[in-house]
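Okay, structure first, notes after.
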Amino acid sequence: MMPDVTINHREKAHALLKADAEKILRLIEVQIENLTMPQCPVYEDVLDTQMFGLSREIDFAVRLELITEVEGRNLLGNLEKKLNILHEASQSTL
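Take any residue in the sequence shown, note its place counting from 1, add 27, and you have its number in this note's numbering.
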């Protein structure tokens with residue numbers, strides 16, 4: 028059985044990573060709505076940088092055994108799905 032402290036750290040790590048994923052989604056939403064088009068190199072650089080940073084955070088949490096690899100893949104996968112929906116929506120309004 029895991030100590031309560033370990034479970035609390037796992038829950039907190041998952042919540043923080045999920046919050047970071049939501050921040051990326053909001054950042055990209057703002058970029059699409061106000062600043063640049065999805066084909067713009069700046070948009071792509073921001074997205075790539077943010078996704079890379081999140082993947083490194085997830086990798087770190089996995090190595091610390093705060094989340095599983097499956098949980099990490101699910102976090103990234105869910106964010107990628109949401110970003111694809113956002114991207115498709117922005118393309119349909121052009």
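C-beta: ideal position from N, C-alpha, C; glycine also.
Contact set for ALA116: own chain, Cβ-Cβ below 7 Å, skip 5 residues either direction: Setting aside the 5 residues that flank it on each side, ALA116 has no residue in the same chain whose C-beta is closer than 7 Å to its C-beta.
Residue from CYS67, ARG83, ASN61 whose Cα sits closest to the Cα of CYS47: In the sequence as displayed, the identity of residue 47 is Asp instead of Cys. It is ARG83 whose Cα lies nearest to the Cα of ASP47.
Same chain only: Cβ atoms within 8 Å of LYS45, ignoring 5 sequence neighbours per side: Excluding residues up to 5 positions away in sequence, LEU102 lie with their Cβ nearer than 8 Å to the Cβ of LYS45 in the same chain.
Buried versus exposed, by CB contacts within 10 Å (16 or more), LEU93: Counting the other CB atoms within 10 Å of its CB gives LEU93 a total of 16 or more, which places it among the buried residues.
Contacting residues, own chain, Cβ-Cβ under 8 Å from LEU52 (five flanking each side not counted): Scanning its chain for C-beta atoms nearer than 8 Å, with the 5 sequence neighbours on each side dropped, one finds around LEU52 the residues LEU106, LYS109, LEU110, LEU113, in chain order.
Residue from HIS36, ILE59, LEU91 with nearest C-alpha to TYR70: It is ILE59 whose Cα lies nearest to the Cα of TYR70.
C-alpha distance - GLU49 paired with ILE85, whole-angstrom precision: Distance between the alpha carbons of GLU49 and ILE85 is about 14 Å.
ARG37 versus ARG90, GLN118, ASP72, GLY104, residue with shortest Cα-Cα distance: Between ARG37 and the set ARG90, GLN118, ASP72, GLY104, the nearest pair of CA atoms involves ARG90.
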